[in-house]
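Have a look at the structure below before the remarks.
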Amino acid sequence: MGDRQSAYFLKAEGITKVYSDGTVALRDVDLEVRPGEILGLLGENGAGKTTLTKILSGLLPPTKGRVISPRGPVRFGSPREALDFGIGMVHQHFALVGTFTAVENVALSHERPFTPLHLEETRRKLERLMEESGLRVPLDVPVEKLAVGEQQRVEILKVLSRDVDLLILDEPTSVLTPLEVDELFGLLRRLRDEGKSIILITHKLKEVGAITDRVVVLRKGELVGDFKTAEVSTEQLAQLMVGRPIETELGRPVELAEEPLPRRLSRAKEGVAHTGPGVLHVEDLVVRGDTGELAVQGVSFDVYAGEIFGIAGVEGNGQTELVEALTGLRPAVSGKATINGVDVLGKDPREIYRLGVAHIPEDRWKLGLVLPFTLAENAILGVHRWEEFRGPFSILRWRRINAHVRNLMERFDIQATGPNAPAKSLSGGNQQKLIVGRELAKDPAIIIASQPTRGLDIGAAQYIRDILVEMRNRGRAILLVSADLDEVLALSDRVAIMYEGKFMAVAAPEELDRETIGMLMGGVAVEGRS
Amino acid sequence: MTEVGPGRRFRLLRGAHRTLTGLSPAFESVLAGLVGLLVGAAIMYIWGYDPWRAYFALLRGAYGGSYEWASSVARGVPLVFTALTFSICLRAGMFNIGAEGQLYIGAVAAVTVAMFKLPSGLHLVVGLVFAALAGAFWSLGPAILKLTRGVHEVISTIMFNWIARFLVFYMVAYVLVDPHQAQRTIAIPPTARFPVLIRGTDLSYSVFLAVTFALFVYFLLWHTATGYEVRAAGFNPTAARYGGINIKRTVLLSFLLGGVGAGLAGASVVMGLPPTYAIISGLPQLMNVGFDGMAVAMVGRNHPIGILLAALFFGGLNAGGRVMQFYGANPVPLEMVRVVMGAIVLAMAIPELARMLPATLRALQGLKRLFERRPHVQEGAK
Numbered sequence: 001m002g003d004r005q006s007a008y009f010l011k012a013e014g015i016t017k018v019y020s021d022g023t024v025a026l027r028d029v030d031l032e033v034r035p036g037e038i039l040g041l042l043g044e045n046g047a048g049k050t051t052l053t054k055i056l057s058g059l060l061p062p063t064k065g066r067v068i069s070p071r072g073p074v075r076f077g078s079p080r081e082a083l084d085f086g087i088g089m090v091h092q093h094f095a096l097v098g099t100f101t102a103v104e105n106v107a108l109s110h111e112r113p114f115t116p117l118h119l120e121e122t123r124r125k126l127e128r129l130m131e132e133s134g135l136r137v138p139l140d141v142p143v144e145k146l147a148v149g150e151q152q153r154v155e156i157l158k159v160l161s162r163d164v165d166l167l168i169l170d171e172p173t174s175v176l177t178p179l180e181v182d183e184l185f186g187l188l189r190r191l192r193d194e195g196k197s198i199i200l201i202t203h204k205l206k207e208v209g210a211i212t213d214r215v216v217v218l219r220k221g222e223l224v225g226d227f228k229t230a231e232v233s234t235e236q237l238a239q240l241m242v243g244r245p246i247e248t249e250l251g252r253p254v255e256l257a258e259e260p261l262p263r264r265l266s267r268a269k270e271g272v273a274h275t276g277p278g279v280l281h282v283e284d285l286v287v288r289g290d291t292g293e294l295a296v297q298g299v300s301f302d303v304y305a306g307e308i309f310g311i312a313g314v315e316g317n318g319q320t321e322l323v324e325a326l327t328g329l330r331p332a333v334s335g336k337a338t339i340n341g342v343d344v345l346g347k348d349p350r351e352i353y354r355l356g357v358a359h360i361p362e363d364r365w366k367l368g369l370v371l372p373f374t375l376a377e378n379a380i381l382g383v384h385r386w387e388e389f390r391g392p393f394s395i396l397r398w399r400r401i402n403a404h405v406r407n408l409m410e411r412f413d414i415q416a417t418g419p420n421a422p423a424k425s426l427s428g429g430n431q432q433k434l435i436v437g438r439e440l441a442k443d444p445a446i447i448i449a450s451q452p453t454r455g456l457d458i459g460a461a462q463y464i465r466d467i468l469v470e471m472r473n474r475g476r477a478i479l480l481v482s483a484d485l486d487e488v489l490a491l492s493d494r495v496a497i498m499y500e501g502k503f504m505a506v507a508a509p510e511e512l513d514r515e516t517i518g519m520l521m522g523g524v525a526v527e528g529r530s
Numbered sequence: 531m532t533e534v535g536p537g538r539r540f541r542l543l544r545g546a547h548r549t550l551t552g553l554s555p556a557f558e559s560v561l562a563g564l565v566g567l568l569v570g571a572a573i574m575y576i577w578g579y580d581p582w583r584a585y586f587a588l589l590r591g592a593y594g595g596s597y598e599w600a601s602s603v604a605r606g607v608p609l610v611f612t613a614l615t616f617s618i619c620l621r622a623g624m625f626n627i628g629a630e631g632q633l634y635i636g637a638v639a640a641v642t643v644a645m646f647k648l649p650s651g652l653h654l655v656v657g658l659v660f661a662a663l664a665g666a667f668w669s670l671g672p673a674i675l676k677l678t679r680g681v682h683e684v685i686s687t688i689m690f691n692w693i694a695r696f697l698v699f700y701m702v703a704y705v706l707v708d709p710h711q712a713q714r715t716i717a718i719p720p721t722a723r724f725p726v727l728i729r730g731t732d733l734s735y736s737v738f739l740a741v742t743f744a745l746f747v748y749f750l751l752w753h754t755a756t757g758y759e760v761r762a763a764g765f766n767p768t769a770a771r772y773g774g775i776n777i778k779r780t781v782l783l784s785f786l787l788g789g790v791g792a793g794l795a796g797a798s799v800v801m802g803l804p805p806t807y808a809i810i811s812g813l814p815q816l817m818n819v820g821f822d823g824m825a826v827a828m829v830g831r832n833h834p835i836g837i838l839l840a841a842l843f844f845g846g847l848n849a850g851g852r853v854m855q856f857y858g859a860n861p862v863p864l865e866m867v868r869v870v871m872g873a874i875v876l877a878m879a880i881p882e883l884a885r886m887l888p889a890t891l892r893a894l895q896g897l898k899r900l901f902e903r904r905p906h907v908q909e910g911a912k
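Going down the list, the protein sequences come from chains A and B. Residue 489 in our numbering sits at position 489 of the first sequence; the count goes up by one each step and never skips. Basically our numbering = 1-based index in the second sequence + 530.
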C-alpha cells in the first residue's frame, strides 16, 4: 500500500473499541496519519469514523490496540491537551460558548485557568487568519446569533489559530457554499503543503476525489479500504462504503457518478411534471432576525401543488427566518403569506398545521424532537391534539399511538427497539426518518423541509429525498430549503437563490449553470437576471 | 508518560463507579435513604448516642405496629401534596419552591370554614375547595411575574413564601384567633373535618385524597394531551413551541395545579390531622411541610407513585423520630431526624456525582498536569 519510508505523525495499531453498552464501534483497525497529506475518512453514519478520530486524537481510550507517535504514546485527558500536542478537531456539533463572540471564543480556547484573556491579540490573529484562509465571520456578534455555517467557520478558525499539526474536520462542507468549499479546500491544500496532516471525515464522494490524497473507507467499524485517491474510482468507493449497491424503496438505484448534478435532476422529475394550483403564496414578506436586523427583506413567491420549490443559498441569508415566519415560530414585520388562501402570518404553529402544513425543521435536536421523550411521544408532537390520538377529556389513546408508531417504523424503516425507546437512543438518520414520518402522516398539502438531509448518511439522505419527490409526484407542494446545493438543484422544479434576505433569482435549475449559481449565492447579480 | 495509566490506580473506584451509574432510579433512592441513615448514625455516634438503639426506636416508632403505621401514613399525607406541587412544576421545567407559602395560605382558607355552618360532608368539601383555590391563588403571583416579566420562579416563590408566612402569622393572631385560646385559631367544626380512619390514631380519610390526587397527577401527566404538553415544554420548550404547544399555558397550568396541591396540603393538616383542627400560632404543624415535600419529590424521583412511597418513608421518619426522643436511656433529639433527612437529600446526588466522576478526575489530572507542563507549553506556543 503506502510507501514505507514516509515518517508518520500518528499510527494506530489494531484498534478495537467496544463501548460499555456492548456496541463494537471499531474492529482491529490499523491506520497511519502522515504529515503533508490529506486523508479522507469515508463511511456511512455509524461506521465508526468519529470514534476512530476520537481515539486518534487521544480523547477516547481504545479497548484494544494503541496509538503511537514518534513523540511517544498518545493519550490525553482533554481536547486542550490534544491541542497542545498539535491535534485539533472541528466537530459536527460545535463546542462554542453561545453568548461569547468569535474573538472571545477563540481567546478562551487559548487560555488556561486563571490566566488573562488576550482579546486584542486574538483579534489581530483572527483578522490575519481570516485574510489568509478566506473564512470570514463577524467577530463581535455572540456566536449563538450566527448561522450554523458561520459558527462552523468560527470553529475552524479556533483550531487553526492553535497552529495544529493534525487537523481533523468532521463533515465540514455540509454547511458551506461552493465558493466557501473551494476556499476551504484551497486552505487545506496550503496547510498540507506546509507539512500538516489533515483528516477529512465525509460521506461526500465528490469531496474525496476533489481534495484527498489518500482515502480510508470504514464500514461497520471495519477498515475495508485504504487507497491513494488517484488510484481508486468513485464507484469503487461507494461500493465499499455501503457494501451493497444502494437501492431505494422506489427501486431506483442511486447514481453516484461524479458528473454534474443538474443531469440527475431530470431523473427526479421523470415522474410527472404537473403544476397544480398555488398552495403557498408569499408576498413582500419582511422578517426580523434575532439581532433585530431585517433577515428577510421583501420576498415574494408561490409554491404550486406538484412542485418542489427549492431555496438555495449560504446559510444565514434569511432562510431560517423565512421558514420560521411561515410556520408560526417567528412574527413577520410586514407582507402577506397564505396557504390555500388562508392567511398564516400571526397564527400559531398549531393553527398552521391545521391548514395542512408539515414542517421538517432545520435543527432536529432543538426543534424537531424532545430527545428524552420516547419514540411514541415524539411521533405525536404537534398532532397530539388530533382526534385520532386524543379521546374525550383530552385522554391520549396510547394504544392507537403505539400502533401508529409501529406503522411509521415499518413504513419509514426506523430502526429502534420499539415505540418506547427514547428518541435520543436513535441514530441521526432514524431520528430524521421519525420526524419525516410524523410530518407526512399529517397528510399535508405543503411540506416545508429545512435542511432535511443534513448529517445523514447516503442511504438515509437518499431515502428522504426520494420521499420528497414521491410526495411531489402525488401532488403535494414542497418548499425545500437546503445548504446542500446539489440536493436543491437535483430535487427542485424551480429554485430560488437567496442572498441577504432577498431572492437573487428564481429559475428552473436547468437554466442555471454552477458558475452562475455560485455568483448569485455570493451576492453577485448576473446579467440578464434581476 | 509511563504505562501505568490512571486506569490501574482507580480500578476499585471504577468498579464502584460502574455500579453507581448503572443504578435504576428506584434503587438510587433506596441507596440515598441508606446513606442518609448511615450519616445520621455517624453523627449520633460522635455525640455519644447509641445509633443502634436510636434507629431501633425510630423503626419501632415508625412501622412497629398498626398504630405506628397509621401515624407514619398520617404524617406522610401532607408531604404527598407538597411533593406533587414541586414535581408538577419540575416536569414543566420550573423549580417551584413556593409550596411552603401556598400551604400556609391554603391552611388559613380551610380554617375560615369554621366561621359558618354547613351540613357535614358538604362543609368539608367547601373547605377543601377553599384551600385549593387559595393555594392556586397564591401560586398565581409567581406565575404571572414569570409570564409577563420573566421573573425567575425561584426568586419570586421564595419571596411569596415570606409574604405568606407573615400574612398568616397576622391572620392567626388577629383575624382568626380563638377568643378563648389566644395561642391558636378558631377550630374547624367536626362537620368540616376528615373522619378518623383508624380509631385512636391520627390517620384520617385525608389519605385517600392524597392517593387520589397523586393518581390524578400521574394520569394527567402521562395519559392526557394536556400533561403531554406540560412535559414536552419542560424537556424542550423550543420543540414544544414547534409542536404547537402554548408554553405560557403549560407554565400557568402547572403553577395553578401545584398551588392546588399545596393548598390541599394545608387543608389536610388542619382538617385531617387530630387533635387540634386549628392553626397554632407559630405554625408548628405547617412549618417545613412544603420544603420537606421537595425532599420527598426528589427521593420519589418526581413520579407520583414514587412520591407516595417516599412520603411513607419521610412520614415514618417524622413519626418514628418522636418515639426516638423519648426512648428509655437513649433519648436522641428530634433534630437528628432532620439531619438524616438532609443527608438523604444530599445523598440523592451521589449517582449524579458518580456520573460526573470521570470528568472530575480528568479535570483534576488536567489541573495537575497544567502546573507540571506549563513551561513546555509556553515554549511550544507561539
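Glycine included, each C-beta is placed from N, C-alpha and C at the ideal position.
Go through its chain and collect everything with a Cβ distance to residue i's Cβ below 7 Å, but skip five positions before and after it.
{"i": "phenylalanine 534 (chain A)", "result": "The structure shown does not extend to residue 534 (chain A), since chain A spans only 1 to 530, so no value can be given for it."}
{"i": "arginine 330 (chain A)", "result": "Val287, Glu321 and Glu324"}
{"i": "valine 875 (chain B)", "result": "Ala825 and Met828"}
{"i": "serine 588 (chain A)", "result": "No answer is possible for residue 588 (chain A): the residues shown for chain A start at 1 and end at 530."}
{"i": "glutamate 630 (chain B)", "result": "Asn691, Gly820 and Phe821"}
Would DSSP call residue i helix, strand or coil?
{"i": "arginine 318 (chain A)", "result": "Just to set this straight, residue 318 (chain A) is glycine in the shown sequence, not arginine. Note: glycine 318 (chain A) maps to coil in three-state DSSP."}
{"i": "phenylalanine 500 (chain B)", "result": "No answer is possible for residue 500 (chain B): it lies beyond the span of chain B, which begins at 531 and ends at 912."}
{"i": "tyrosine 8 (chain A)", "result": "coil"}
{"i": "arginine 411 (chain A)", "result": "helix"}
{"i": "threonine 16 (chain A)", "result": "strand"}
{"i": "arginine 885 (chain B)", "result": "helix"}
{"i": "glutamate 37 (chain A)", "result": "strand"}
{"i": "valine 137 (chain A)", "result": "coil"}
{"i": "phenylalanine 309 (chain A)", "result": "strand"}
{"i": "isoleucine 716 (chain B)", "result": "coil"}
{"i": "glutamate 510 (chain A)", "result": "helix"}
The beta strand (DSSP E) with residue i in it runs from where to where?
{"i": "arginine 27 (chain A)", "result": "24-33"}
{"i": "serine 450 (chain A)", "result": "446-450"}
{"i": "tyrosine 499 (chain A)", "result": "494-499"}
{"i": "leucine 658 (chain B)", "result": "Counting along the chain, leucine 658 (chain B) falls outside any beta strand (DSSP E), though it belongs to the alpha helix (DSSP H) covering 652-674."}
Could you pull out every residue in the same chain whose Cβ sits closer than 6 Å to the Cβ of residue i, ignoring the five residues on either side in sequence?
{"i": "glycine 851 (chain B)", "result": "Leu864 and Val867"}
With a threshold of 8 Å between beta-carbons, can residue i be considered close to chain A, or not?
{"i": "histidine 753 (chain B)", "result": "yes"}
{"i": "valine 907 (chain B)", "result": "Caution applies to valine 907 (chain B), whose pLDDT of 39 falls short of 50 and renders its modelled position unreliable; the value that the coordinates give is listed next. For valine 907 (chain B), the answer is yes, since a Cβ of chain A falls inside 8 Å of its Cβ."}
{"i": "glycine 489 (chain B)", "result": "What the structure shows of chain B is the stretch from 531 to 912, and residue 489 (chain B) is not part of that stretch, so it cannot be assessed."}
{"i": "arginine 771 (chain B)", "result": "yes"}
Tell me the residue span of the alpha helix (DSSP H) that contains residue i.
{"i": "methionine 824 (chain B)", "result": "819-829"}
{"i": "methionine 689 (chain B)", "result": "683-700"}
{"i": "leucine 442 (chain A)", "result": "Sequence inspection shows lysine at residue 442 (chain A); the leucine mentioned does not correspond to that position. Element bounds for lysine 442 (chain A): n/a, residue is neither H nor E."}
{"i": "lysine 49 (chain A)", "result": "49-56"}
{"i": "threonine 338 (chain A)", "result": "First-last for threonine 338 (chain A): 332-339, but that is the beta strand (DSSP E), not the alpha helix (DSSP H)."}
Check whether the Cβ of residue i lies closer than 8 Å to any Cβ atom in chain B.
{"i": "tyrosine 304 (chain A)", "result": "no"}
{"i": "arginine 350 (chain A)", "result": "yes"}
{"i": "glycine 77 (chain A)", "result": "yes"}
{"i": "phenylalanine 227 (chain A)", "result": "no"}
{"i": "glutamate 81 (chain A)", "result": "yes"}
Suppose the cutoff is 8 Å on Cβ atoms and the five residues either side in sequence are ignored; what does the same chain contact list for residue i look like?
{"i": "isoleucine 211 (chain A)", "result": "Ile38, Gly40, Phe185, Leu188, Arg189 and Leu200"}
{"i": "isoleucine 573 (chain B)", "result": "Met866 and Val869"}
{"i": "alanine 7 (chain A)", "result": "Arg34, Pro35 and Pro70"}
{"i": "alanine 770 (chain B)", "result": "Glu759, Ala762, Ala763, Ile777 and Thr780"}
Relative to chain B, which residues along the stretch 378-391 of chain A have a C-beta separation below 7 Å, given in chain order?
-> Leu381, Gly382, His384, Arg385 and Arg390
Residues of the stretch 358-371 of chain A with Cβ closer than 8 Å to any Cβ of chain B, in chain order = His359, Pro361, Lys366, Leu367, Gly368, Leu369, Val370 and Leu371
According to a CB-to-CB cut-off of less than 9 Å, which residues of the stretch 394-415 of chain A neighbour chain B?
-> Ser394, Ile395, Leu396 and Trp398
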